[in-house]
Every structure is written in structure tokens, then in C-alpha cells.
Amino acid sequence: MAMKTERNTYKLNNPYLNNDEKIIVESWFQLPGNVMFYTFLLLAIYHLYNSMSLIYLFGIPVFVNLLVGWINWYVYNRQLATKLALSLFHPVITGILGVVVGVFLYLRGEPLLALITAFTGIFSFLFPELHIMLYSVLAQKYGMHPKYVFAKKQFGITFPFNNSDE
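When we follow full-length UniProt numbering, the leftmost residue of the sequence shown carries the number 1, and every step to the right adds one.
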């Protein structure tokens, strides 16, 4: 039972990956959510000048999240993802950018959109991140958490629970 729980629950303090590998895993895992955030920012600003339906304003970023997640599962550029994670996609940068764009939207007469933008930038959460569900479905054939599957494929690591059926 312990092995089954361990293989399905990824923890940042796991003993299997070193710190550099953990950064790479997190960069990979969070990439689609960050692309979704920037897509939303661009659409929110675009909405000021060319009004669009809320379905498009919120639906397009969710679709982009799913699409980027699917691409990211099969095609991964470690160098690009790591550079983005440590710069444009860093939580401090997305937080500041979310607040700045939120203030801009507020000053342009979009208080609700401003609040949503600032909240999403600061807390990195609001939209359904469908890539997480997609990764879980794609990882089922490996019987491990998606982050462990990525680490296995990326670094060639064999985990003690790889073939455990406990």
C-alpha cells in the first residue's frame, strides 16, 4: 500500500530527484498554466479595444492550456522551459504583471476583469488547468504521478515503485 501511495503522490521533498531535477520537473509541469496566464492577459487587454464574449475571454486560455499541455507532454524543450520558469514565468514576475495589468484594466473601466487579473497573477490560480487532468490521464499507463513519469522519461530514473503493484 505504501508503494502505491508513493508512486501516485509527488512531493517536492522526495528523495529520488536532486534540486536541479525538481526545478526542471516543476518548469515542465507549470508551463501550460503559465502560457494560459499570459494568454489571458493578452486577451483581457485586447478586450478593452475589441469587446469579446466572456466565453472567448475565458475559454481561449483554457483551450490554450490544454493544447500546450498536450504538446508539452510529447515535445519538451528543457532549455526554453527552464529559462521561462526562471524569468517570465517566475511567480514574482507573474504576480507583479497581474497587478499592473489589473490596475490598467481598472483605470480603463473594467473593475471585475481587473480583480480577476490581479488575483490570477498573485495566486496563480483561477482557471481550470486542464493540463493537470490531461497529464493524469496520459500517466495512467505508467501507474505513476505525471511528474514521476516525466522524470523517468527525462532523466532515465528508475523509481523503486516503477513496477510495484502493492
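We treat Cβ as the ideally placed atom computed from N, Cα and C, and that holds for glycine.
| task | Please report the residue range of the alpha helix (DSSP H) in which residue 120 lies. | result | In the sequence shown, the residue the question calls residue 120 occupies position 120. 111-123 is the extent of the alpha helix (DSSP H) around residue 120.
| message | I'd like to know whether the C-beta atoms of residue 66 and residue 131 end up nearer to each other than 9 Å. | response | Within the sequence shown, the letter at position 66 stands for residue 66. Within the sequence shown, the letter at position 131 stands for residue 131. Their beta carbons are under 9 Å apart, which means residue 66 touches residue 131 by this criterion.
| query | Using the C-alpha atoms, what's the distance from residue 160 back to residue 41? | reply | By one-based count along the sequence shown, residue 41 stands at place 41. By one-based count along the sequence shown, residue 160 stands at place 160. About 42 Å.
| Sequence-distant residues of its chain with Cβ nearer than 7 Å to residue 25 (five each side left out) | Counted from its first residue, the sequence shown places residue 25 at position 25. Answer for residue 25: 17, 147, 150 and 151, listed in chain order.
| said: Under DSSP, the alpha helix (DSSP H) around residue 27 begins and ends at which residues? | reply: The residue given as residue 27 occupies position 27 in the sequence shown. Run containing residue 27: 19-49, per the alpha helix (DSSP H) assignment.
| said: In this structure, how does DSSP classify residue 56 when only helix, strand and coil are distinguished? | reply: Here residue 56 refers to the residue found at position 56 when the sequence shown is read from its first residue. DSSP places residue 56 in helix when its eight states are reduced to three.
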